[in-house]
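Quick note on numbering that gives the first Met the number 0: the sequence shown kicks off at 0 and runs consecutively. Below: the structure, in C-alpha cells.
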Amino acid sequence: MALYSEKVMDHFTNPRNVGVIENADGIGEVGNAKCGDIMKIYLKIENETIVDVKFETFGCGSAIASSSMATEMIMGKSIHEALALTNKAVTEALGGLPAHKIHCSVLAEEAIKNALKDYFDKNNIPYDKSQFPDCANCAHCH
Ligand code: FES
C-alpha cells in the first residue's frame, strides 16, 4: 500500500484555501516544537457562520494536506461545528495518515480552535476554556 492516500497527495499538490484573509475575524497560529512546522488559520465569520477560511502552512506535506482538508470541512459551517472538528475526522477524510504523521493533523485542529478562540476573545463571547488546547500544559510540543 502506498504510504499516502490519493486524497493526501491531491490536497498536498493542490491545496485548497491557501492564503491570507485581510481583517480576519479570528486568527489562529500553532507550531509543533519538535518538527518546527507552523500553521496559521484565518476565519471570516458572519452570523456565527464561517463564510471564508484561508491557511498558511510552513510544514510537511501531511500538515499542508491536513490544513487544506480541514478548511474545506469548516467552510460554510457554524462556529460550533467548526469547534467540534477533530483531527481524527480530518485524518479520516484524507483516507488516513501514517501513524507518525498523525500529529500533523493535530496541528490543523488546534489552529482552527485557536482562531475560534481569538474570535471569541475579540468579541467578548464567553466560552468553555476546556474546549481549547492548553498550550502551557500540553505535552506534545515539549
Ligand atoms: Fe511537522 Fe508534519 S512533520 S507537522
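Where a beta carbon is used, it is the ideal one built from N, C-alpha and C, also for glycine.
{"query": "Closer than 6 angstroms: Asn-31 CB and nearest the ligand FES heavy atom", "result": "yes"}
{"query": "Opening and closing residue of the beta strand (DSSP E) in which Ile-49 lies", "result": "48 to 57"}
{"query": "Sequence-distant residues of the same chain with beta carbon closer than 7 angstroms to Leu-84, five excluded per side", "result": "Ala-69, Met-72, Ile-73, Glu-108, Ile-111"}
{"query": "Endpoints, the alpha helix (DSSP H) within which Ile-78 is located", "result": "78 to 82"}
{"query": "Nearest-angstrom Cβ-Cβ length linking Phe-131 and Ile-63, presumed shorter than 8 angstroms", "result": "With 8 angstroms as the limit, Phe-131 and Ile-63 do not qualify as a contact, their Cβ atoms being about 23 angstroms apart."}
{"query": "Cβ pair Cys-103, Ser-67 closer than 7 angstroms", "result": "no"}
{"query": "Beta-carbon gap between Val-29 and Asn-122 smaller than 7 angstroms", "result": "no"}
{"query": "Rounded straight-line distance, which links the Cα of Leu-82 to that of Lys-100", "result": "22 angstroms"}
{"query": "Through-space distance from Cys-59 to Ser-4, alpha-carbon basis", "result": "15 angstroms"}
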